[in-house]
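J.:
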Amino acid sequence: MTTIVIPTANRPNVLRTALSSIESQTAREQIAVVLVSESGGNPASGNVCAEFPSLPIRYSFRDPTMTLFEHGALLFAEARALTAPYVAVLNDEDWWGSDHIANGVNHLGTQPEATAYWASSFVVHGESSWFMDCWNMSCWVVTGFGAIDEVAELGLKEATLACLGSAPASRSSLIAEKHALAESFHETTKIGNPLDEDRLLFLELARKGPTLVNLVPEVFVRRHTVQDQRTPSPKGSSDDMGAVTRRILQLCEEQAINVAEEFERLYDECPLPAYRPHLVKMFDQPLIQGIRRKKRMPLLRLRRSKKNMKWMIRQLCPPIGWQAARRLYRFAKPHNPDRNGFFDEVDG
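All the letters of the sequence shown, read from the start, carry residue numbers 1 to 348 under my numbering.
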């Protein structure tokens with residue numbers, strides 16, 4: 001059985017979508033209780049909860065409001081006190097595919113030594129949206145480039161490597177053993193970095209036991225303007241994420257994980273050479289530059305776009321759209337003599 005935790009903050013309209021995705025779960029019998037906690041001062045979220053009488057919702061209105069870490073710690077403590085052994089986390093702005101609970105509970109039940117189940121996610125603008133992004137590369141790489149439809153199992157070494165560049169999975173995809181989750185979240189609060197909370201939580205849970213990651217996306221993560229308003233400046237974001245990366249590198253030293261050797265091994269073993277340039281996103285840039293200086297990796301693989309237009313095209317266009325992207329860039333920057341170099345690098 002599973003307790004579902006939804007922290008919400010003055011977003012009743014998107015909360016409705018999150019609850020609808022819970023209502024559509026194929027394993028409804030595995031849902032013991034849904035804890036919805038409003039910490040944004042808007043009681044309208046309670047009215048939204050009343051629209052779902054078939055769900056076992058327990059609604060709480062927090063007054064005064066709480067910080068992200070205070071809110072999360074309280075909810076995970078409440079879930080820990082309940083009888084259900086697992087806790088599933090869903091941010092109010094995101095939603096699940098219909099089989100998420102069924103898959104998570106099934107895999108955790110058949111692998112009792114595992115402490116957490118995560119799933120890949122689609123990043124979207126909203127309910128009517130294209131897929132902006134789907135990131136499942138980190139876990140696929142560190143577990144040996146397996147079949148894309150498998151549920152990868154990560155030990156502490158693999159999880160640490162997967163966390164070096166960014167969070168391997170979204171918190172909205174997490175289903176975890178309740179005691180491990182409460183204790184791991186407590187450790188993340190000591191860092192006090194909400195920007196990188198998903199990455200820290202992934203790593204802390206991995207320190208308590210094997211981590212399962214479904215490489216097939218099951219969760220929809222909403223991208224919206226309010227996130228930008230709450231995000232620190234680019235320098236602040238970089239500093240915060242850099243601090244977490246340094247902590248992970250320190251853990252690598254403690255665990256005798258040679259990151260340089262691991263990167264070179266994964267780079268050589270990558271079955272699709274065209275994917276190798278993307279491996280640099282998973283690792284600390286000073287480390288990559290050190291490997292470059294030793295001439296262990298082609299210079300071409302390390303070139304990074306410095307122009308926003310190039311970066312945007314790379315993010316927005318799948319490989320099948322490179323020719324269209326090339327034409328778009330020529331139109332937008334006809335005066336730039338190096339307008340094709342970026343695409344030549346990617347095509348190569």
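Backbone N, C-alpha and C define an ideal beta-carbon position, used for all residues, glycine too. Owing to the predicted nature of the structure, the values given are computational and were not obtained by experimental measurement.
Please confirm if the stretch 48-57 is in contact with the stretch 123-132, defined as three or more CB-CB distances below 8 Å between the two stretches.
T.: They do not touch, by the three-pair rule.
J.: So, for residue 201: in the same chain, excluding its five sequence neighbours on each side, which residues have a beta-carbon less than 7 Å away from its beta-carbon?
T.: Around residue 201: 171, 184, 185 and 188.
J.: Is the beta carbon of residue 176 less than 9 Å from the beta carbon of residue 115?
T.: Yes, they are a contact pair.
J.: For residue 63, which option in 132, 17, 117 and 38 has the closest C-alpha, if you only look at C-alpha atoms?
T.: Taking only the C-alpha atoms, the option nearest residue 63 is 38.
J.: Short check: CB of residue 260 to CB of residue 212, under 9 Å?
T.: For residue 260 and residue 212, no; Cβs fall outside 9 Å.
J.: Check the C-beta distance from residue 94 over to residue 18 and give it rounded, since I have them as a contact under 8 Å.
T.: About 6 Å; that satisfies the 8 Å criterion.
J.: With DSSP collapsed to three states, give me the class of residue 113.
T.: Coil.
J.: Within its chain, find whatever has a CB closer than 7 Å to the CB of residue 227; leave out the 5 residues flanking it on each side and keep chain order.
T.: Confidence is the limiting factor: at residue 227 the pLDDT is only 45, short of 50, which leaves the residue's position unreliable, though a coordinate-based value still follows. Within the same chain, residue 227 has no close Cβ partners at all.
J.: Kindly indicate the opening and closing residues of the alpha helix (DSSP H) around residue 142.
T.: Note, residue 142: alpha helix (DSSP H), 137-142.
J.: Give every residue of the same chain whose Cβ lies closer than 6 Å to the Cβ of residue 15, excluding the five residues on either side of it in the sequence, and list them in chain order.
T.: So the qualifying residues of the chain are 8, 45, 48 and 92.
J.: Rank 104, 77, 76 and 11 by C-alpha distance to the C-alpha of residue 218 and give the top, closest one.
T.: Cα-wise, what sits closest to residue 218 is 104.
J.: Who are the Cβ neighbours of residue 59 in its own chain at under 6 Å, not counting the five residues just before and after it?
T.: Cβ neighbours of residue 59 beyond the five flanking positions: 36, 46 and 49.
J.: If you compare alpha carbons, which of 34, 61 and 221 is closest to residue 42?
T.: Closest by alpha carbon: 61.
J.: Is it the case that the stretch 68-84 contacts the stretch 154-163, given that we only count it when at least three CB pairs across the two stretches are under 8 Å?
T.: Cβ pair count under 8 Å is below three, so no.
J.: Take residue 155 and list the residues in its own chain whose beta-carbon comes closer than 7 Å to its own, dropping the five residues that flank it on each side.
T.: These residues qualify, in order along the chain: 210.
J.: Counting only the same chain and skipping the five closest in sequence on each side, list residues whose C-beta sits under 7 Å from that of residue 179.
T.: Same-chain partners within the cutoff: 80.
J.: When the cut-off is 9 Å and only beta carbons count, does residue 102 lie next to chain C?
T.: Any reference to chain C falls outside this structure, which holds one protein chain only.
J.: Taking the Cβ atom as the reference point for each residue, do residue 174 and residue 140 lie within a distance shorter than 9 Å?
T.: It is not a contact, given that the beta carbons lie outside the stated cut-off.
J.: Tell me whether residue 35 sits in a helix, a strand or coil according to DSSP, three-state version.
T.: It is a strand residue.
J.: Confirm the yes/no value for this check: CB of residue 250, any heavy atom of the ligand FMN, distance under 8 Å.
T.: Within the structure as shown, the ligand FMN is missing, as the structure has no ligands at all.
J.: Apart from the five residues just before and just after residue 97, which ones in its own chain have a Cβ nearer than 6 Å to its Cβ?
T.: Contacts found: 218.
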